Each structure stands twice: as C-alpha cells, then as structure tokens.
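According to our numbering, the sequence shown is numbered sequentially starting from 1265. Heads up, the beta-carbon is just placed ideally off N, CA and C, and yes, glycines get one too. All values derive from a computational prediction rather than experimental measurement. Only one structure is covered here, and it is reproduced in the block below.
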Amino acid sequence: MFMYIVVLSFLLLSLLLYALLGGADFGAGVIQLLSTTPKAEKVIGRAIGPIWEANHMWLVIAVVISFMGFPAIFKVVSTALHIPVFILLLGIIFRGTAYAFKHYDAIKDEKSQLMYQRVFVWGSLVSTLFIGITFGAMSLGKIDPNATDFYTGYIAPWFNFFSISVGFLATALFAFLAAVYLIGENEDPEVKEFFIAKAWKWLLASVAIGVVVFVAAYVDGLPLFNELISSPLSIVAVALASILLPFLFKTIRQGKVVLARLMAGAQTVLILGAWLLVHYPHAIMLSNGGSLDLYDSRAPDATLAVLGWALMLGSLFILPALGYLYVVFKGHGPEETI
C-alpha cells in the first residue's frame, strides 16, 4: 500500500507540474498563433528555451509511471484513445522540432523561419487541444473496451461536444498561464503591457469556456455539476477558485509578477484538484457504467516497489539538476529591454 501511494503521488505530481510548467510552453505557442509582436516573439523564444522545454520531462515521467504502475489504464488509453494520443504526440514532436530549427538552424533565411514558426504555433495548438480532449474522453464514460465497430471503439469516446470543449478549456488555461509567466520575462513596458492584456483575455476565455464545458457535460449526459457538489473537498476547491478570480484579475492588471504567477498557478491547481477529487479513485469511466480504478488497476506489488524506489532515488538527481538549470539560465532575472 505504501509504494502504491508513492507511485500515485509521483504520477499526480508529474501531471500537475506538466500542466503548470509544460502547459505554459504550449500556451506560449498559442499566444503567438493568434497575435504577437516582434518584441513579444523574441521574449517567448528566450523564455521557452531551455527552461520551459525541460519541463516536458514531467510528461515522460507520467507516461512511464502509467505504463509500469497502472498497465490496465495505460492499455485502455493507448487503444481506445490512440487517435487523439497519436495526434497529441505528433503536435509535441513537430512543435519541438520546429522550435529547435527556428533558433539553432545553421541557415536562417526568411522562408524557412516562417515555416518553422507556423509549424511551432500550430503544433502548440494541436498539442493543447488534444491534451484536453484525451482527459475529457477519460471522464465522459463513452469508452467501450468491447466495442465491435471502429466508430464506437475509437471515434465516439473523444469526438464529442464534452471532450472537445475540455480541449479548448485546456488551450485557454495554458495560454493564460503562459501570458502570466511571460509578464515577468522582460522589463520593457510595451512587452509587459502586451502580456498583461493577453493574460486578461485568456483568463476571460477560460471562464467562458468553463461554462461551455458544463453545458457540454449536460448535453452529453455527464452529471458534472452533481458530481462536483457531491464532494465537500471539490466544493471547497471550486469555491476557492471562484473567490480568487477577482483578486487574480486585479493582480494581473497591476503587473505584480510573483503574486500573479502564484495565483495563476493556484487557480490551475484548484481546477485540476476539483477534477481529481470528483473522479478519484476512478481513472477512466466506461460506457457500461463501470470504471477503471487506480487501486484495482495497479501493477503487482513487486513492480510498484521497484518503480517507487526508482522514482524516489531518481528525484534526488532530477530536482537538483533542474534547480541548477534554472539558476544558470534564469538566475539573472528578466531581460531589461529587447
């Protein structure tokens, strides 16, 4: 039981850190896709590499934990949801490759730079969208492991109003996080004002799309509101997120970098926390009314023991290395001008 808790804790922590840190990396690309300025684009390029890119390691850790620690869940996700997962991975690969070539290619002509930029921003959008779609599909309850036709087995679970709306919510949240984080990346007043405005717009978009998610849940037969109010802890999480909202607006408007980042992170944690509290211990809801639970889907105790020790020992190396990376590349503080 102890190692199960250790492994599960690392899984949840990896997903949370990926949303808070890696999500902002995706969100920066979404911001560039919809509107940007030459100065803002330079700030985004500097911010992403190498610190933000390093945060994608949390996804790798989460995938490894899922594969080894919860194989039954990994099997269902990688089969029933293989289409959105495949598209998600393509987005991650293409955007990362495009970023690397855009900034480090030996030959930087205008045509190739434009192509790399387009691949990067569209890859960012695809990645954020399908992260949300995948998690929305896991919650909706349309996954049928015994499906006998292609549409029911591989399309219906994720190609629906609710899952797609969750995808757009993830996109808005990640873009909001990126905008808030980027406020403090440069001291140029024009750049700071640009990202403050973006943070405002994406926060409003997140709230609006959040309402759409509840409507979509109702349309698709998911009693999301009833599930939220059935758990005292989820009620507290939603209440705190609602109470923080006006203070978050004010903090962003005033450009208080550290406080805005903390509050934006807290807002995201509360939203994800409410989702986890509603579903725990269920990981995947099935079309027959059943579910795949985390504890029941765990690997044998011997496997969990090896995985748990590997995670605990590995963290002793990974966390200091990340800290050193941050000190080297971010220890000087924000750039003064572009």
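Taking G1529 as the centre and dropping the five residues before and after it, the same chain places the C-beta of L1284 closer than 6 Å to its C-beta, in chain order. Nearest in C-alpha terms to L1488, of all of M1549, Y1282, Q1518, is M1549. The residues F1458, in chain order, have a CB closer than 7 Å to that of T1301 in the same chain once the five nearest residues on each side in sequence are set aside. By alpha-carbon distance to S1391, the top candidate from Q1377, G1355, L1378 is G1355. Of the residues L1575, I1308, L1275, N1450, the one whose Cα lies closest to the Cα of G1291 is I1308. Between the segment 1351–1366 and the segment 1578–1595 there are fewer than three inter-stretch CB-CB distances shorter than 8 Å, so the stretches are not counted as touching.
Here N1410 carries a coil assignment [DSSP, helix/strand/coil]. Under the Cβ criterion (8 Å, minimum of three pairs), the segment 1360–1367 does not count as touching the segment 1405–1416. For L1512, the uninterrupted alpha helix (DSSP H) run begins and ends at 1496–1518, by DSSP. Here the segment 1441–1449 makes contact with the segment 1505–1525; the two share three or more CB pairs at distances below 8 Å. Bridge pairing for S1555: M1549 [DSSP]. Between V1533 and L1280 a beta carbon distance of about 7 Å is seen, short of the 8 Å cut, so the two are scored as contacting.
Secondary structure at N1450: strand, using DSSP grouped into helix, strand and coil. Judged by DSSP in its simplified three-state form, L1323 adopts helix.
Within the model, the alpha-carbon separation for W1573 versus T1567 is close to 10 Å.
L1540 is positioned such that its CB atom lies no closer than 7 Å to that of A1547.
Put simply, of S1429, A1442, L1378 the residue whose alpha carbon is nearest the alpha carbon of I1397 is S1429.
When secondary structure is reduced to three states using DSSP, P1348 falls in the helix class.
No residue range can be given for G1417, since it is assigned to no alpha helix (DSSP H) and is classified by DSSP as neither H nor E.
At a Cβ-Cβ threshold of 7 Å, G1537 and A1501 count as neighbours.
Counting along the chain, R1310 sits inside the alpha helix (DSSP H) bounded by residues 1302–1311.
If you compare the alpha carbons of L1577, F1593, S1561, L1589 with that of V1340, the shortest gap goes to S1561. Taking 7 Å as the cut-off, the beta carbon of V1385 is found closer than this to the beta carbon of L1297. In the structure shown, the three-state DSSP call for N1490 is helix. Straight through space, the alpha carbons of H1346 and I1535 are spaced by roughly 26 Å.
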